[in-house]
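Working notes for the structure below.
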Amino acid sequence: GLRLLEEGQFERASQILTLLIQRFPENASAHHMLGIIELEKGQLEAAYILVNTAIDIESNNALFYNTLGNIEWHRKNIPLAEAAFLNALKYDPEKIEYKSNLANFYLSQNQYAQAIDYFYLILHTNPTHYLSIRGITLCYLYSNEYFIALEHVNEWVEAYSDSDEPYYYLGLCLYASNDIPAAL
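Under the working numbering, the first residue of the sequence shown is numbered 1161, with each subsequent residue one higher.
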């Protein structure tokens, strides 16, 4: 089931996982994986029920809470999405993916100070983490703190000079700082 899920063969994976749950109803991972399939299919209510069933069975699994956070985010239930992402970090505080999801969640909610805190936590561990450098640049850019955004975007350009996205945001930061010739 897991292999089929990873390959994107949702229908076959779903059949196997459903059989597994029928035989072993306390298999939290099977409920969780089936919930991921339902999330991928856009069936948010079914995904919500399945992932919550997994959490009821195994209440300290960070991965389950991370998935629940994504489901709640898609359902536009912002307070519950935040709570789920925080629970994921509570149970696995070192996982960069969970910090990144929470940081990007805060960025999407225009809660830049909170997003910056989590992006900095990631950058402390991994100074060239692409999405964190990108995220922190956006936070400062959207907060109209252009010179701090420029510092971060320059780090981004230095670390990822072969990618075009950092240069795009460098241009935006320079333009926002009224350095039109450099932005061009």
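Idealized CB from N, CA, C, for every residue including glycine.
Check: Under the three-state reduction of DSSP, which class applies to Leu1177: helix, strand or coil?
Finding: Residue 1177 sits at position 17 when you count from the first residue of the sequence shown. Three-state result, Leu1177: helix.
Note to self: What does the Cβ neighbour count give for Asn1264, buried or exposed, with the cut at 16 atoms within 10 Å?
What the structure shows: Here residue 1264 is taken as the residue at index 104 of the sequence shown, counted from 1. Flag for Asn1264 reads buried.
Note to self: Our contact map puts Asn1226 next to Ala1248 with C-beta atoms below 8 Å; I'd like the distance itself, whole angstroms only.
What the structure shows: The residue given as residue 1226 occupies position 66 in the sequence shown. The residue given as residue 1248 occupies position 88 in the sequence shown. Sure, about 4 Å apart at Cβ, within 8 Å.
Note to self: Once the 5 residues before and after Ile1215 are set aside, which same chain residues still bring their CB inside 6 Å of it?
What the structure shows: On the sequence shown, position 55 is the one that residue 1215 refers to. Excluding residues up to 5 positions away in sequence, Phe1224 lie with their Cβ nearer than 6 Å to the Cβ of Ile1215 in the same chain.
Check: For Lys1255, which of helix, strand or coil comes out of DSSP?
Finding: As a position in the sequence shown, residue 1255 is number 95, starting the count at 1. Here Lys1255 sits in coil by DSSP.
Margin query: Just to confirm my understanding: we take Leu1180, look at its own chain, exclude 5 residues before and 5 after, and list those with CB closer than 7 Å. What are they?
Written below: Taking the sequence shown and counting its residues from 1, one reaches residue 1180 at position 20. Within the same chain, Gly1161, Asn1187 and Ala1190 come within 7 Å of Leu1180 by CB-CB distance, once the 5 residues on both sides are set aside.
Next item on the list: Would you kindly check if the distance between the Cβ of Trp1233 and the Cβ of Ala1241 is under 8 Å?
Entry: One-based indexing of the sequence shown puts residue 1241 at position 81. One-based indexing of the sequence shown puts residue 1233 at position 73. Taking C-beta atoms as the reference points, Ala1241 and Trp1233 count as a pair closer than 8 Å.
Notebook entry, point to check: By the 10 Å Cβ neighbour count, where 16 or more other Cβ atoms means buried, how is Pro1326 classified, buried or exposed?
Noted result: Stepping through the sequence shown from its first residue, residue 1326 is reached at position 166. Classification of Pro1326: buried, given that the 10 Å Cβ count is 16 or more.
Next item on the list: Can you tell me the Cβ-Cβ gap for Ile1282 and Ser1268, rounded? I've got them flagged as a contact below 8 Å.
Entry: On the sequence shown, residue 1282 is found 122 positions in, with the first residue counted as 1. On the sequence shown, residue 1268 is found 108 positions in, with the first residue counted as 1. Not a contact, Cβ separation roughly 16 Å.
Next item on the list: Could you name the residues of the same chain whose beta carbon sits closer than 7 Å to that of Thr1213, not counting the 5 residues immediately before and after it, in chain order?
Entry: As a position in the sequence shown, residue 1213 is number 53, starting the count at 1. Sequence-distant partners of Thr1213 (beyond 5 residues in either direction) whose C-beta falls short of 7 Å from its own C-beta, in its chain, are His1191.
Next item on the list: Scan the segment 1301 to 1335 and note each continuous alpha helix (DSSP H) run of 4 residues or more that stays entirely inside, going in chain order.
Entry: List check, alpha helix (DSSP H) in window: 1306 to 1319.
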